[in-house]
Structure formats: C-alpha cells, structure tokens
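Peer 1: Read in order, the letters of the first sequence are residues 291 to 750 in the numbering used here. Glycine included, each C-beta is placed from N, C-alpha and C at the ideal position.
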Amino acid sequence: MLKIYNTLNNQKEEFQPIDANQVGIYVCGMTVYDLCHMGHARVMVMFDVITRHLRRNFPNVKYVRNITDIDDKIITRAIENNEDIYSLTNRFIDAMHEDEQSLGVLSPDIEPRATDSIDKMIDMIESLSKKGLAYQGTNGDVFYSVRKFKEYGKLSGKNLDDLVAGARVDVENHKKDPLDFVLWKKAKSGEPSWPSPWGNGRPGWHIECSAMSNHFISNHFDIHGGGMDLTFPHHENEIAQSEGANNCTFVNTWMHVGFVNIDDEKMSKSLNNFFTIRDVLKKYDGEALRYFLISSHYRSPLNYSETNIESAQSALIRLYNAIKGLNHNSVDSSLLEVDYEARFNAALNDDFNTPMALSVLFEIAKQINIERAANPNKANTLSSQLVQLGNNLGILNYNADEYLKRGSELSESEISKKINQREAARNSKDFTMSDQIRDELLELGIILEDSINGTTWRRK
RNA sequence: GGCUGGGUAGCAAAGCGGUUAUGCAGGGGCCUGCAAAGCCUUUUAGACCGGUUCGACUCCGGUCCCAGCCUCCA
C-alpha cells in the first residue's frame, strides 16, 4: 500500500488512484532560459524515482512534465542575446535533455511546451471570464479575481487577509485587488505575442499548467508535483484556475520536493549560489550525483557540498565492489533468506523513502561479500537482486568493472603493462619495486587490488 | 507578523514507545609480502524543560534555535 504525503492536508495518506488502470501525474518543469542547476536536478531525479515506482505498481502511468518556453525572463534573455526566443529555448531544452540523460532520468511520457498550447489557455481564460472569475484590467491584462474563488489558499494554508497584511503583494492600480494575478499579458511592441479575444498578448505563467494538465491528463487527476517553492503562489493559482473553470476537484495529491541548499540556504539564481548540473558533472559522474540526490528523503532539505557528493560516490563504489565479477541475470528467491525486495518496496511505499530503500541495498551488498567466496550461487542471486533493486532507483546501471574504471586517464594497456611489471617484481620478491609501481599508479588515481585470481585495478 | 517544515552520534541520513538503521570517516582485529577490497569488532546520538508511561530520540505541552513560503524561482 502506497502512502504519499499530501501538501493539501500536510499528512501522509493512502494513495487511491482515480482509475487504477491509468494513473496521471503532472510535474511543473523548467523555464528554459538557462542551464539547469542542482535544484532542478533534484526535482527531475525524484519524480523519476516516483514514476518508476508508480509504473511498477500500476499498469499505466501517464507522466506529463511541461516546458515553460514563454515568459518574461525568456524574452529578456532573448533580447540580450539578440536571438529569437525559439532558438534560445530550443538550445536550453536540448541542454536539459542531455543533463537528464547524465542523471539517468527517463523521459516523461509527454513534455508539452507552453507555446504549443496557447489555444487551450485562451479557452480556459474565456471560460473563467464567462463565470465572472476573470476580468480585463485597465492596462489590458486579464486578471483572475482571487476573492471570488472561495477556497483560495487551501493548498498553502494561507488566508487572504494575511496575504494582504503581508504587504509584499504588488500594488498595481490596474488590478481590482492586489491579490489578483495575471492570466493574459497584453503584448508590448516587439514582444512575441498571440492573438486573443483580449488583443495580442501572451499567457501568464500559471495558466499554462492548468490548461496543459487538464488537456493532456484530465480536469481531475491523481498527482501534481514540483519544487516546494511552487506551492505558493503557482500551485495555489493553478487550483483557482482549474477548479474555477471546471467546477471539479483538480488534483488529489500534491507533492513538493525540498530544496537543494548551500550552507543551509536555498540554492537559487537570485542568491547566485547555484551550481549547474554541468558544473558538477565536470568533477563527479552522473550516477554518483543521482545517488547523492536520492540519499535524503525528498521532502527534506539537501545540503550541497563536495564532501557530501564524495561520500555518495564512495557509497556507490561500495555497491559496485559488491557486484563486481558476479552474474546478475536472475534472482533465485529460494536462496534468499531475507525478503529484501519486500523491504525495499515497503520503504518506497512509505512516501518514497529512498534513504531506507538504499539501506536495504547495503544489507544485500554486505551479504554478497560474506557469501561470495563460499557460496557463489547465492552471491550471484544476491547480486542479481541488488542490481534489480538498484535499477528501480535508477542506479547500478553500469557493468561494475566498467564503472569502477570510469574516466581513467591511463589506457587499459598501459595499466596492464604496469601490472605485469609489478607482478614480475613480486615474483622475484622485489617488494620495493612492486610497491613503487603501485604508488606510481595510485598517484594517477589507479588503485590496485591483489587477489588469488590475480591483480585488478579500479579508479580511485 | 501569518503559514509550513525541521533540530539525531565526527559528517551525511532513516526507522522505531523497549531489540544493530544505513553510508562515509576514526580505533582494534582477521586477511595480505605490505596494501586495497572484504569480514569481525568498536568509539562518538537524539536542542532544552516539563508531562504521559513500567519504559521516550520516538507521544503530549512549553522554551530556544534554524530553514522555507508569503515577490520571479525547482
């Protein structure tokens, strides 16, 4: 039984799909005007883990993650670069897809671009207009009348008077109420625009997610997710738009992923304390990064530091060391005295507890190391189980030997040559020479391991 | 100010009202020519104050501290 923490009521509840044959999940994706940073990586990886788990438990899962390819920042950046918005956004969409591949993230089923769904957004705004929930302001923009939607604030636990008292809301005199938010922005000259009943313009940010989730999944669907910073106002506004237009519940379960922090502060563009995925991949491999991202629970803050990533890398190497040299083609459950798979699944069923799931992997690894010499069949089956469960989390995707040798600066033949020289020295008991060769290789990041089957090497 | 979370051993990070989390790092041992890997073993916990309980890190109340949202943000 899967339990998910729902932001709507701030508690874990049993996940009951609207239709068990077709689970729908929508995640707010990126605004593509720049490279993705580690915070984006966390959202991509976590929802990848989540959808993989859903797919193992339900026959059909429709995972939609949008691409925001029109907004103020995109327009500003395109002007700065003196380029067309589509050439800008296409470039960063490609970059995003490359980053996802590096992190082992599977593609969503649908990745709708906002600019392909402008008509759906216009339809929705018209419907809101007809219901008296939207109006055109004195500047030509179309706004949502927040006070007319009685349940506004139910997701983030805010009440309207507190918001006004907070006084950080924009005081714009072309709105009827400072809390109202933009549905459609009138185009200024030279800006990209689309025709609409309110004149040429472009959509406000929030409307795209309402329109596209309704269109590509349904007016009422199972799970909607994103980063925690989207809870308010973005998701609150989506609820107002969708429920206002459709007169039905929009989403049953709201999921929000915690931030990646630096020195206990949120990583963000405005604080300029962010690391792009590419920056980090220059130094660490994608799977280690993925391990780092799933090593804490998705709702907790995750502190970015090189030490923490290096520790993740070491942990991952321990798993690869365990499966190295074993066959992992099939699980013979009669050889297993512990039902690791059940425990692994129970961990993920408890609100996607990835740290708990990982701890099961380490128990298997330890068991493999204990059994591998005396009981190869058992070691092989444990290894198969470990790889299978690791794959469920999107790790252990590589052949162990290849992974452990990844990115070596020396070629295999150069290393073999050194190993052979050292072997000769060892055979003649010239341990000074043999240790010297080992030290030279270690300087180059190559660790030698002697065993009864000869000497093997791996990357530090 | 309003609304969310959270404070766990050297670091990271979970579960759990009483029994080893787990990983990294450190100590001791085994193995090894010596190492590495691995195995065995071991040291460091639960912000603070009350309460409930036979028993609380775990439940309840309070205090202090931290982060996030309330403005674009994953």
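Give every residue of the same chain whose Cβ lies closer than 6 Å to the Cβ of Asn670, excluding the five residues on either side of it in the sequence, and list them in chain order.
Peer 2: One-based indexing of the first sequence puts residue 670 at position 380. Correct list, in chain order: Leu616 and Asn617.
Peer 1: Compare the Cα-Cα distances from Thr746 to each of Arg716, Phe721 and Asp691 and report the closest residue.
Peer 2: By 1-based counting over the first sequence, the position of residue 746 is 456. Nearest C-alpha to Thr746: Asp691.
Peer 1: So the candidates are Ser703, Asp725 and Glu702; which of them puts its Cα closest to the Cα of Glu713?
Peer 2: Reading the first sequence from its first residue, position 423 is the one you call residue 713. Distance from the Cα of Glu713 is smallest, within the candidate group Ser703, Asp725 and Glu702, for Asp725.
Peer 1: Rounded to whole angstroms, how far is the Cβ of Val322 from the Cβ of Thr379, which I believe are closer than 8 Å?
Peer 2: As a position in the first sequence, residue 322 is number 32, starting the count at 1. As a position in the first sequence, residue 379 is number 89, starting the count at 1. Correct: roughly 5 Å between the Cβ atoms.
Peer 1: Glu577 and Ile685 - do their beta-carbons sit closer together than 8 Å?
Peer 2: Locating residue 685 in the first sequence gives position 395, counting from the first residue. Locating residue 577 in the first sequence gives position 287, counting from the first residue. Cβ atoms of Ile685 and Glu577: closer than 8 Å.
Peer 1: So, helix, strand or coil for His387, using DSSP?
Peer 2: Within the first sequence, the letter at position 97 stands for residue 387. Note: His387 maps to helix in three-state DSSP.
Peer 1: Do Tyr594 and Phe634 have their beta-carbon atoms positioned less than 8 Å apart in this structure?
Peer 2: If you number the first sequence from 1, residue 634 lands on position 344. If you number the first sequence from 1, residue 594 lands on position 304. Pairing Phe634 with Tyr594 gives a Cβ-Cβ distance that is not under 8 Å.
Peer 1: Determine which residues share a DSSP beta bridge with Asn296 and list them.
Peer 2: Within the first sequence, the letter at position 6 stands for residue 296. Partner(s): Gln301.
Peer 1: DSSP state of Lys421, grouped into three classes?
Peer 2: What you label residue 421 is simply residue 131 of the first sequence in a count that begins at 1. If DSSP states are grouped into helix, strand and coil, Lys421 belongs with coil.
Peer 1: Taking 8 Å as the threshold (C-beta atoms), are Ile294 and Asp622 in contact?
Peer 2: Here residue 622 corresponds to residue number 332 of the first sequence, with the count starting at 1. Here residue 294 corresponds to residue number 4 of the first sequence, with the count starting at 1. No, the Cβ-Cβ distance between Asp622 and Ile294 is not below 8 Å.
Peer 1: Using the C-alpha atoms, what's the distance from Phe652 back to Pro349?
Peer 2: Numbered from its first residue, the first sequence carries residue 349 at position 59. Numbered from its first residue, the first sequence carries residue 652 at position 362. Near 30 Å, if we compare the C-alpha coordinates of Phe652 and Pro349.
Peer 1: Look at the alpha carbon of His327 and the alpha carbon of Gly422, and state the distance between them as a whole number of angstroms.
Peer 2: Locating residue 327 in the first sequence gives position 37, counting from the first residue. Locating residue 422 in the first sequence gives position 132, counting from the first residue. Whole-angstrom Cα-Cα distance: 40 Å.
Peer 1: Does the beta-carbon distance from Tyr610 to Gly548 come in below 8 Å?
Peer 2: To locate residue 610, count along the first sequence from 1; it is residue 320. To locate residue 548, count along the first sequence from 1; it is residue 258. Not in contact: Tyr610 and Gly548 (Cβ atoms no closer than 8 Å).
Peer 1: Kindly indicate the opening and closing residues of the beta strand (DSSP E) around Ile552.
Peer 2: As a first step, residue 552 is located in the first sequence; it is residue number 262 there, counting from the start. Element bounds for Ile552: Val550 to Ile552.
Peer 1: How many angstroms separate the CA atom of Lys352 from the CA atom of Asn504?
Peer 2: Along the first sequence, one-based indexing puts residue 352 at 62. Along the first sequence, one-based indexing puts residue 504 at 214. Cα-Cα distance, rounded: 13 Å.
Peer 1: From His387, Thr405 and Asp519, pick the residue whose C-alpha is nearest to that of Gly329; which is it?
Peer 2: Counted from its first residue, the first sequence places residue 329 at position 39. Minimum Cα distance to Gly329 is reached at Asp519.
Peer 1: Look up Met557 in the DSSP assignment and say whether it is helix, strand or coil.
Peer 2: In the first sequence, counting from the first residue as 1, residue 557 sits at position 267. In the structure shown, Met557 sits in coil (DSSP, three-state: anything other than H, G, I, E or B).
Peer 1: Taking the alpha carbon of Lys448 as the point to measure from, which residue in Tyr581, Asn299 and Asn682 has its own alpha carbon closest?
Peer 2: By one-based count along the first sequence, residue 448 stands at place 158. Of Tyr581, Asn299 and Asn682, the residue nearest in Cα terms is Asn299.
Peer 1: Any idea what DSSP makes of Thr428, helix, strand or coil?
Peer 2: For the purposes of this step, residue 428 is taken as residue 138 along the first sequence, with counting starting at 1. Note: Thr428 maps to coil in three-state DSSP.
Peer 1: So, at 7 Å on beta carbons, what are the nonlocal neighbours of Glu498 in its own chain, with the 5 sequence-adjacent residues on each side left out?
Peer 2: Taking the first residue of the first sequence as 1, we reach residue 498 at position 208. Correct list, in chain order: Asn356, Thr358, Ala404, Ser407 and Met411.
Peer 1: State the Cα-Cα distance for the pair Ala310 and Pro493, rounded to the nearest angstrom.
Peer 2: Walking along the first sequence from the start, residue 310 turns up at place 20. Walking along the first sequence from the start, residue 493 turns up at place 203. Rounded to whole angstroms, Ala310 to Pro493 spans 34 Å at the Cα level.
Peer 1: Nearest-angstrom Cα distance between Met336 and Gly516?
Peer 2: The residue given as residue 336 occupies position 46 in the first sequence. The residue given as residue 516 occupies position 226 in the first sequence. Distance between the alpha carbons of Met336 and Gly516 is about 10 Å.
Peer 1: Measuring alpha carbon to alpha carbon, tell me which of Ile567, Leu561 and Ile507 ends up nearest Phe540.
Peer 2: The sequence position of residue 540 within the first sequence is 250, counting from 1. Out of Ile567, Leu561 and Ile507, Ile507 has the C-alpha closest to the C-alpha of Phe540.
Peer 1: With Ile567 and Val339 assumed to form a contact (beta carbons below 8 Å), what rounded beta-carbon distance in angstroms separates them?
Peer 2: Translated into the one-based positions of the first sequence, residue 567 becomes position 277. Translated into the one-based positions of the first sequence, residue 339 becomes position 49. With 8 Å as the limit, Ile567 and Val339 do not qualify as a contact, their Cβ atoms being about 17 Å apart.
Peer 1: Check each candidate in Asn347, Gly314, Val472 and Leu473 and name the one with the smallest Cα separation from Asp399.
Peer 2: Locating residue 399 in the first sequence gives position 109, counting from the first residue. Asp399 has its Cα closest to that of Gly314, out of Asn347, Gly314, Val472 and Leu473.
Peer 1: Rounding to the nearest angstrom, what Cα-Cα distance links Ala715 and Ile705 in this structure?
Peer 2: In the first sequence, the residue the question calls residue 715 occupies position 425. In the first sequence, the residue the question calls residue 705 occupies position 415. Spanning the two alpha carbons is a distance of roughly 15 Å.
Peer 1: Are the beta-carbon atoms belonging to Thr297 and His510 less than 8 Å from one another?
Peer 2: In the first sequence, counting from the first residue as 1, residue 297 sits at position 7. In the first sequence, counting from the first residue as 1, residue 510 sits at position 220. Going by C-beta atoms, Thr297 is not nearer than 8 Å to His510.
Peer 1: Assuming Gly516 is part of the beta strand (DSSP E), what are its boundary residues?
Peer 2: Locating residue 516 in the first sequence gives position 226, where the first residue counts as 1. That run of the beta strand (DSSP E) goes Phe511 to Gly517.
Peer 1: On the three-state DSSP scale, how would you describe Tyr323?
Peer 2: Within the first sequence, the letter at position 33 stands for residue 323. Three-state DSSP puts Tyr323 in coil, outside helix and strand.
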